[in-house]
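For reference, the structure discussed in these notes is given below.
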Amino acid sequence: MAAPKLKMRLGDLLVHEHIITNEQLMQALNSQKTSGRKLGDTLIELGFIGEKQLLEFLAQQLDVPFLDISQRRILPEVAKLLPEVHARRLRALIIEDQGDEVLIGMSDPADLGGLDQLEQMLAPKRIKLAVVMESQLYEAFDGLYRRTADIESFASQLGEEYDQSSDFDLSSTFADEGGDATVGKLLQSVFEDAVQMRASDVHIEPDEKQLRIRQRIDGVLQENVLKETKIASAMVLRLKLMAGLDISEKRLPQDGRFNLKIKGHSIDVRMSTMPVQYGESVVMRLLDQSAGLLSLDETGMPADLVARLRHQITRPHGMVLVTGPTGSGKTTTLYAALSELNQSTKKIITVEDPVEYRLPRINQVQVNSKIDLTFSSVLRTALRQDPDILMVGEMRDQETVEIGLRGALTGHLVLSTLHTNDAITSALRLIDMGAAGFLVGSSLRAIVAQRLVRRICEHCGIVHQPTSQELLWLTNLTGDDSANSAQFKQGKGCQSCQYTGYRGRIGVFELLEMNEPMMAALKRNDTDSFTEMSKANPTFKPLALSAFDYACQGITTVEEVLRLVETVEVAG
Numbered sequence: 001m002a003a004p005k006l007k008m009r010l011g012d013l014l015v016h017e018h019i020i021t022n023e024q025l026m027q028a029l030n031s032q033k034t035s036g037r038k039l040g041d042t043l044i045e046l047g048f049i050g051e052k053q054l055l056e057f058l059a060q061q062l063d064v065p066f067l068d069i070s071q072r073r074i075l076p077e078v079a080k081l082l083p084e085v086h087a088r089r090l091r092a093l094i095i096e097d098q099g100d101e102v103l104i105g106m107s108d109p110a111d112l113g114g115l116d117q118l119e120q121m122l123a124p125k126r127i128k129l130a131v132v133m134e135s136q137l138y139e140a141f142d143g144l145y146r147r148t149a150d151i152e153s154f155a156s157q158l159g160e161e162y163d164q165s166s167d168f169d170l171s172s173t174f175a176d177e178g179g180d181a182t183v184g185k186l187l188q189s190v191f192e193d194a195v196q197m198r199a200s201d202v203h204i205e206p207d208e209k210q211l212r213i214r215q216r217i218d219g220v221l222q223e224n225v226l227k228e229t230k231i232a233s234a235m236v237l238r239l240k241l242m243a244g245l246d247i248s249e250k251r252l253p254q255d256g257r258f259n260l261k262i263k264g265h266s267i268d269v270r271m272s273t274m275p276v277q278y279g280e281s282v283v284m285r286l287l288d289q290s291a292g293l294l295s296l297d298e299t300g301m302p303a304d305l306v307a308r309l310r311h312q313i314t315r316p317h318g319m320v321l322v323t324g325p326t327g328s329g330k331t332t333t334l335y336a337a338l339s340e341l342n343q344s345t346k347k348i349i350t351v352e353d354p355v356e357y358r359l360p361r362i363n364q365v366q367v368n369s370k371i372d373l374t375f376s377s378v379l380r381t382a383l384r385q386d387p388d389i390l391m392v393g394e395m396r397d398q399e400t401v402e403i404g405l406r407g408a409l410t411g412h413l414v415l416s417t418l419h420t421n422d423a424i425t426s427a428l429r430l431i432d433m434g435a436a437g438f439l440v441g442s443s444l445r446a447i448v449a450q451r452l453v454r455r456i457c458e459h460c461g462i463v464h465q466p467t468s469q470e471l472l473w474l475t476n477l478t479g480d481d482s483a484n485s486a487q488f489k490q491g492k493g494c495q496s497c498q499y500t501g502y503r504g505r506i507g508v509f510e511l512l513e514m515n516e517p518m519m520a521a522l523k524r525n526d527t528d529s530f531t532e533m534s535k536a537n538p539t540f541k542p543l544a545l546s547a548f549d550y551a552c553q554g555i556t557t558v559e560e561v562l563r564l565v566e567t568v569e570v571a572g
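Okay, so the sequence shown: first residue is 1 according to full-length UniProt numbering, each after it adds one.
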């Protein structure tokens, strides 16, 4: 195609059409001299024009269409006609293959050099150009250029190398340079795919006739099945070496960690192995250290809850608990609180298993039960280190609970987590674990309970009419008919969310603050009165009602609310 050309320079055109002022153009040009970025990107960064507004203007000037590709189904095999390295470099994506012509979306259609390169690479096919938002391009890249084909290719290659070896001892079979290189490439592809898909966990599970590699994305497992079952041992061996584990021990579970650099991300991997019927199962939790810690305002917690929690964690002493099941975001909330408290005037000591994020100025201790470095033993020593704030990774036993409560009673702020169902039962669990009622009532100040629910994809959300059964559930939940008048949404599925209807998760919280009558009930071990007073507390809103609010706002679905209600009721 003939490269489209602007009749005037972009900046002059925008001024001429009164989209930006001449002063804004001068400011952008001055900024561009130092940053070296393109003028359009600079104008967007300075807030003078929105990305969509700029691209629609460019499309109009160049007489090419502006496309929303989040609503289009793009086939991976079509996109891969242009290799990923070139697609990302030129910010270009093949949207359709029409035989002798391809429709290509670009975020910078005025990039004449890029267009020339695309024409050479895709010849003899002709190019039909469209303008696409850059953010949508990168989302599409991650979804379309997945590593599943690479994973299957390296797995097949590794399986062939295994078959050619007469030695069934993998520790020697794959010590040679060839096998080691192949298993390394396979694992690299597994991790790259997981990072692209925003997976929180990777599971490697050997079965009798297949090997499953599963990723937990937005809390739900997605599966990739390989037929090369023999390679599982080689993968586990390599991972054990990376984590510094005992490669000769296959009968006992082991835990370790290691760090990876994947596409500019520093990924901390927590690894757990477990012997199963057909080998060893491996689960790896991926923590993106380069993403940085969230603040309390960024956790998704409503502003009124943030203000109330902030008041509790800035008190000089007392215990604040964050509770919920594994994977509910407790650690994220605790670290958000710690990062706010991390000041030069405060001595902060944490006792964790494991230490998930390294924080400056904070004294972090990793427990090690093999040498009797337990939560309780470290906590005793920590109290002699003149701390202002203590963070205990988890209240696991009576001794840890009692030391933590006494620390809160003697002038320290103690933050910790507990694996309980909701805020109200958390206080009762401390008593069940053997802590004296007077200690719990005197020390406990607030309890945050939380869950994670999936967000509706912002690109494909549509109005959803709940079924009569769902409306009945919601009416029982709220105790009124507000569900009948609310407008709910669901995702119909699109390119951006991999046709799941969901993209990302948001925290659902409840905050129970202790008042004098509630503390008095705990001191006299009157758990029934404590439960009744907690439910009647005017500032307390249960998890299920908070999730219902999100559904009314179109953030999550009725399905997710009901799923949360079921987990709370089952756990209760």
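Ideal Cβ placement from N, Cα and C applies to all residues, glycine included.
- Excluding five sequence positions before and after PRO65, the CB atoms of its chain that fall closer than 8 Å to its own CB belong to ALA59, ALA130, VAL131, given in chain order.
- Taking the CA atoms as reference points, LEU39 sits about 10 Å from ARG9.
- Under the DSSP assignment, THR323 falls in the beta strand (DSSP E) whose first and last residues are 318–323.
- Beta-bridge partners assigned by DSSP to HIS265: ILE262.
- By alpha-carbon distance to GLY113, the top candidate from MET133, ASP97, ARG91, GLU101 is ARG91.
- Taken atom to atom, the span from the alpha-carbon of THR42 to that of GLN32 is near 6 Å.
- DSSP, read as helix, strand or coil, puts MET433 in coil.
- If one requires a minimum length of 4 residues, no alpha helix (DSSP H) run lies completely within the stretch 201–238.
- PRO109 counts as buried, since no fewer than 16 other beta carbons sit within 10 angstroms of its beta carbon.
- ALA449: member of the beta strand (DSSP E) spanning 444–456, first to last residue.
- For the 8 Å CB-CB criterion, VAL463 and GLN487 form a contact.
- In this structure, DSSP gives GLU513 an extended state, which the three-state scheme calls strand.
- Approximately 5 Å separates the beta-carbon atoms of THR229 and LEU211; this is inside 8 Å, confirming the contact.
- Nearest Cα to LEU187 within the set ARG238, ALA337, GLU139, GLN215: ARG238.
- In the three-state scheme derived from DSSP, where H, G and I count as helix and E and B as strand, LEU103 is classed as strand.
- Under the three-state reduction of DSSP, HIS16 is assigned to helix.
- For the 8 Å CB-CB criterion, ILE204 and SER281 form a contact.
- By alpha-carbon distance to VAL508, the top candidate from LEU341, THR323, GLY411, GLN385 is THR323.
- Along the length of the stretch 537–565, whole alpha helix (DSSP H) runs at least 4 residues long occupy 543–552, reported in chain order.
- Straight across, the Cα-Cα distance linking ASN342 with ARG73 is about 47 Å.
- In the DSSP assignment, the residues bridged to GLY279 are VAL276.
- Check the Cα spacing between THR478 and each of SER546, CYS457, PRO538: the tightest is with SER546.
- Annotated as proximal: ALA140 and GLN495, with beta-carbon spacing under 8 Å.
- Excluding sequence positions up to five before and after GLU340, its CB lies within less than 8 Å of the CB of SER295, LEU296, ARG310, ILE313, all in the same chain and listed in chain order.
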